[in-house]
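Letter by letter, the sequence shown follows residues 153 to 620 in our numbering. We treat Cβ as the ideally placed atom computed from N, Cα and C, and that holds for glycine. The structure under discussion appears below in the form of structure tokens.
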Amino acid sequence: MKNISAGDATSFNDLSSDHNPVFFEINISSNFAAPSKKISITDWISFGEIIHNSIPGNPKMNTIEDIDNCINQFTCNITTAINLSTKARHVTGPFRQLTPFILEKIKLKNSFRKLYQQTFSPPPHQRKAYKLQKEIHDDIEEFDNNRWKETIQDINPEDNTLYEMNRKLTKKFTPTPPILDTDGMKYTPLGKENAFRHSLENSFQEDPEPYCNIHISKGNRTIKNYFTNPKNSEKPELVTPGEVIQLIKKINPRKATGPDGVPNKALRMLTLNAVTHLTKIFSRCLSLLHFPEAWKRAHVLMFPKPNQNHKLPDSYRPISLLSNIGKLYEKLLLKRIKTHCEDDHIIPHEQFGFKEKHSCTHQLLRVTNKIVHGFNAKHFTGGVFLDVRKAFDRMWHQGLIAKMINSKFPDYLISIINNFLTNRTFQVRVNQILSNVGVIQTGTPQGISLSQPYTISTIRTSPITRTS
Numbered sequence: 153m154k155n156i157s158a159g160d161a162t163s164f165n166d167l168s169s170d171h172n173p174v175f176f177e178i179n180i181s182s183n184f185a186a187p188s189k190k191i192s193i194t195d196w197i198s199f200g201e202i203i204h205n206s207i208p209g210n211p212k213m214n215t216i217e218d219i220d221n222c223i224n225q226f227t228c229n230i231t232t233a234i235n236l237s238t239k240a241r242h243v244t245g246p247f248r249q250l251t252p253f254i255l256e257k258i259k260l261k262n263s264f265r266k267l268y269q270q271t272f273s274p275p276p277h278q279r280k281a282y283k284l285q286k287e288i289h290d291d292i293e294e295f296d297n298n299r300w301k302e303t304i305q306d307i308n309p310e311d312n313t314l315y316e317m318n319r320k321l322t323k324k325f326t327p328t329p330p331i332l333d334t335d336g337m338k339y340t341p342l343g344k345e346n347a348f349r350h351s352l353e354n355s356f357q358e359d360p361e362p363y364c365n366i367h368i369s370k371g372n373r374t375i376k377n378y379f380t381n382p383k384n385s386e387k388p389e390l391v392t393p394g395e396v397i398q399l400i401k402k403i404n405p406r407k408a409t410g411p412d413g414v415p416n417k418a419l420r421m422l423t424l425n426a427v428t429h430l431t432k433i434f435s436r437c438l439s440l441l442h443f444p445e446a447w448k449r450a451h452v453l454m455f456p457k458p459n460q461n462h463k464l465p466d467s468y469r470p471i472s473l474l475s476n477i478g479k480l481y482e483k484l485l486l487k488r489i490k491t492h493c494e495d496d497h498i499i500p501h502e503q504f505g506f507k508e509k510h511s512c513t514h515q516l517l518r519v520t521n522k523i524v525h526g527f528n529a530k531h532f533t534g535g536v537f538l539d540v541r542k543a544f545d546r547m548w549h550q551g552l553i554a555k556m557i558n559s560k561f562p563d564y565l566i567s568i569i570n571n572f573l574t575n576r577t578f579q580v581r582v583n584q585i586l587s588n589v590g591v592i593q594t595g596t597p598q599g600i601s602l603s604q605p606y607t608i609s610t611i612r613t614s615p616i617t618r619t620s
């Protein structure tokens with residue numbers, strides 16, 4: 153039925169037939185408003201003033217509990233400043249950021265119309281308002297045409313602009329169909345979310361049949377001996393405000409927001425005292441070997457895989473949205489992990505993925521050269537290509553930590569990565585509705601810095617001991 157957007161549907165499995173009856177419950181007394189867009193405009197100058205007055209530059213953090221409280225307060229201050237400095241309005245047509253010249257004409261037209269409504273005298277206010285209305289219509293039409301011409305002229309086949317334009321023009325919204333769960337089809341958003349959650353929880357578990365018990369026992373013993381024996385390790389290198397500022401400059405302001413509601417745009421507009429505050433939080437996390445729980449919660453979006461049955465939960469690709477503040481901390485850890493890997497030559501030379509100044513093209517060139525040399529020497533060149541299924545979802549946490557221990561990573565990095573991998577939770581989001589909380593027992597979320605194969609997958613697949 154047209155314009156029906158509220159209601160509930162339940163499938164009954166009482167019949168022996170494979171055609172199950174469906175019971176629909178629709179509230180016909182609901183008043184459906186006209187569809188509109190909510191446009192939010194933030195005054196970032198006002199945001200900066202609120203942040204400057206609400207966040208202390210040198211907070212006291214002596215314990216892990218103090219760190220968590222400071223993070224919650226810091227996040228709350230940012231979201232509050234955004235709400236206070238943001239104005240929202242609903243528009244029914246396409247939203248345009250008009251030029252000041254057109255906006256001034258609109259204000260003048262409204263003033264003439266207001267005078268006409270107050271005085272009820274047709275000339276001259278009504279005549280001037282109608283004249284301005286026609287001019288505004290022509291100006292907006294010219295504005296749209298010029299903006300479209302500039303967009304077409306900026307398209308370049310050599311970069312991503314042509315691809316982005318094609319994606320915007322051809323992308324269509326496809327609603328999520330009913331999802332098959334263990335107890336039948338799910339039609340409501342909450343039922344679909346929990347079906348996805350069950351599927352992901354089954355994926356984020358260890359393999360039921362380990363392939364080598366001896367290897368697993370060896371890894372567990374390595375971890376037990378490491379964490380039970382006291383370590384006299386050096387203190388980690390603390391974070392500087394300049395290091396945090398450099399990371400903030402590189403973040404993409406258009407990236408999606410995580411569960412804490414802090415967008416990257418807000419991080420880029422932080423004042424100096426807020427950056428100093430955030431720097432101390434990162435430094436204390438390094439000193440106390442802590443990865444906050446608030447940064448280990450993920451909202452998971454499910455994207456359908458092409459050419460698959462979209463009624464099955466496994467036919468969707470999960471993408472995790474995490475805290476953007478936590479991502480900055482991950483990048484700080486990533487930088488220190490890379491430094492150790494490069495200094496001790498842990499990453500094999502044959503590794504090209506997620507490596508600076510290396511790409512798939514370079515790897516293809518290397519393989520091609522190997523094949524050409526084999527042909528010239530009249531040798532056969534063999535190749536083995538492996539596609540690891542659920543490489544992120546089934547990553548063995550203990551195996552990674554054991555290899556980091558054997559690779560002599562700094563003690564603080566091993567402890568923080570171990571903390572990073574434990575007690576992770578997620579919620580599936582469909583149509584702005586969240587599922588129940590799920591637990592991640594193995595693997596790492598896709599889309600975060602520390603899940604890059606350069607840092608985690610590469611370390612776990614490279615040999616445990618490797619000479620320089």
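Would you call the segment 375-394 and the segment 563-580 touching, i.e. three or more CB-CB distances under 8 Å?
yes
Can you give me the C-alpha to C-alpha distance between glycine 113 and isoleucine 553, rounded to a whole angstrom?
Residue 113 lies beyond the residue range present for the chain, which begins at 153 and ends at 620; the question has no answer from this structure.
By how many angstroms is the C-alpha of tyrosine 268 removed from the C-alpha of arginine 279?
Sequence index remark: in the sequence shown, residue 279 carries index 127 (1-based). Sequence index remark: in the sequence shown, residue 268 carries index 116 (1-based). Rounded to whole angstroms, arginine 279 to tyrosine 268 spans 9 Å at the Cα level.
Identity of the residues DSSP links to histidine 451 by a beta bridge
Taking the sequence shown and counting its residues from 1, one reaches residue 451 at position 299. Answer is Leu473 and Gln579, bridged to histidine 451.
Locate the beta strand (DSSP E) running through valine 591, then write down its first and last residues.
By one-based count along the sequence shown, residue 591 stands at place 439. That run of the beta strand (DSSP E) goes 590-592.
Find out if the Cβ-Cβ distance for the pair serine 587, phenylalanine 348 is shorter than 8 Å.
Position 435 of the sequence shown, counted from the start, is the residue given in the question as residue 587. Position 196 of the sequence shown, counted from the start, is the residue given in the question as residue 348. Their beta carbons are under 8 Å apart, which means serine 587 touches phenylalanine 348 by this criterion.
When you compare each of Asn528, Ala529, Phe527 and Val519 to glycine 535 by their alpha carbons, which one comes out closest?
If you number the sequence shown from 1, residue 535 lands on position 383. Comparing Cα positions, the closest option is Val519.
Exposure of proline 465, with buried meaning 16 or more beta-carbon neighbours within 10 Å:
The residue given as residue 465 occupies position 313 in the sequence shown. The residue in question, proline 465, is buried, as its Cβ has 16 or more Cβ neighbours within 10 Å.
Three or more C-beta pairs closer than 8 Å, one from the segment 228-243 and one from the segment 202-216: is that the case here?
yes
Excluding sequence positions up to five away, which residues of its chain have a Cβ less than 6 Å from the Cβ of tryptophan 300?
Working through the sequence shown from its first residue, we reach residue 300 at position 148. Taken in chain order, the list of residues that qualify is empty.
Measuring CA to CA, which of Met556, Arg581, Val582 and Phe578 is closest to asparagine 570?
Locating residue 570 in the sequence shown gives position 418, where the first residue counts as 1. Comparing Cα positions, the closest option is Met556.
Supposed contact pair arginine 420 and isoleucine 400 - C-beta distance, whole angstroms, cut 8 Å:
Against the sequence shown, residue 400 aligns to sequence position 248. Against the sequence shown, residue 420 aligns to sequence position 268. Right, their Cβ atoms sit about 6 Å apart.
Can you tell which of Pro173, Asp359, Thr334 and His442 has its C-alpha closest to the C-alpha of serine 351?
As a working mapping, residue 351 is identified with position 199 in the sequence shown. Of the candidates Pro173, Asp359, Thr334 and His442, the one whose C-alpha sits nearest the C-alpha of serine 351 is Thr334.
Taking contact to mean at least 3 C-beta pairs separated by less than 8 Å, is the segment 434-453 in contact with the segment 208-221?
yes
For the segment 381-431, which segments carrying the alpha helix (DSSP H) assignment without a break, of at least 4 residues, lie completely within its bounds, in sequence order?
393-402 and 416-420
Lysine 261 by DSSP, collapsed to three states: which one?
To locate residue 261, count along the sequence shown from 1; it is residue 109. DSSP places lysine 261 in helix when its eight states are reduced to three.
Could you give the distance in angstroms between the alpha-carbon of isoleucine 353 and the alpha-carbon of histidine 429?
Along the sequence shown, read from residue 1 onward, the residue named residue 353 stands at position 201. Along the sequence shown, read from residue 1 onward, the residue named residue 429 stands at position 277. Position check: residue 353 holds glutamate in this sequence, whereas isoleucine was assumed. Distance between the alpha carbons of glutamate 353 and histidine 429: 36 Å.
Go ahead and pull the three-state DSSP assignment for proline 458.
Position 306 of the sequence shown, counting from 1, holds the residue named residue 458. Coil, per DSSP.
Sufficient close CB pairs (3 or more, under 8 Å) joining the segment 445-454 to the segment 401-420:
yes
Short Cβ contact (8 Å threshold) for aspartate 539 with phenylalanine 356
Position 387 of the sequence shown holds residue 539. Position 204 of the sequence shown holds residue 356. Not in contact: aspartate 539 and phenylalanine 356 (Cβ atoms no closer than 8 Å).
Tell me whether threonine 238 sits in a helix, a strand or coil according to DSSP, three-state version.
As a working mapping, residue 238 is identified with position 86 in the sequence shown. Threonine 238 falls in the strand class under three-state DSSP.
What's the gap between the Cα of histidine 171 and the Cα of valine 580?
As a position in the sequence shown, residue 171 is number 19, starting the count at 1. As a position in the sequence shown, residue 580 is number 428, starting the count at 1. Those two C-alpha atoms are separated by around 29 Å.
Can you name, in chain order, every residue of its own chain whose Cβ lies under 7 Å from the Cβ of cysteine 493, other than the five neighbours on each side?
On the sequence shown, position 341 is the one that residue 493 refers to. Closer than 7 Å at the Cβ level, and outside the excluded window around cysteine 493, lie Ile499.
Alpha carbon to alpha carbon, how far is isoleucine 193 from serine 263? Give it in angstroms, no decimals.
Taking the first residue of the sequence shown as 1, we reach residue 263 at position 111. Taking the first residue of the sequence shown as 1, we reach residue 193 at position 41. Serine 263 and isoleucine 193: Cα-Cα distance of roughly 24 Å.
Under the rule that 16 or more other beta-carbon atoms within 10 Å means buried, what is serine 198, buried or exposed?
Taking the sequence shown and counting its residues from 1, the one referred to as residue 198 is at position 46. Label assigned to serine 198: exposed.
By DSSP, does valine 536 sit in helix, in strand, or in coil?
Counting from one through the sequence shown, the residue named residue 536 turns up at place 384. If DSSP states are grouped into helix, strand and coil, valine 536 belongs with coil.
What's the call for cysteine 222, buried or exposed, on a 16-neighbour Cβ count within 10 Å?
For the purposes of this step, residue 222 is taken as residue 70 along the sequence shown, with counting starting at 1. Classification for cysteine 222: buried.
Minimum C-alpha distance to asparagine 425 - residue among Ile207, Ile366 and Tyr468
Against the sequence shown, residue 425 aligns to sequence position 273. Checked all of Ile207, Ile366 and Tyr468; the closest Cα to asparagine 425 is Ile207.
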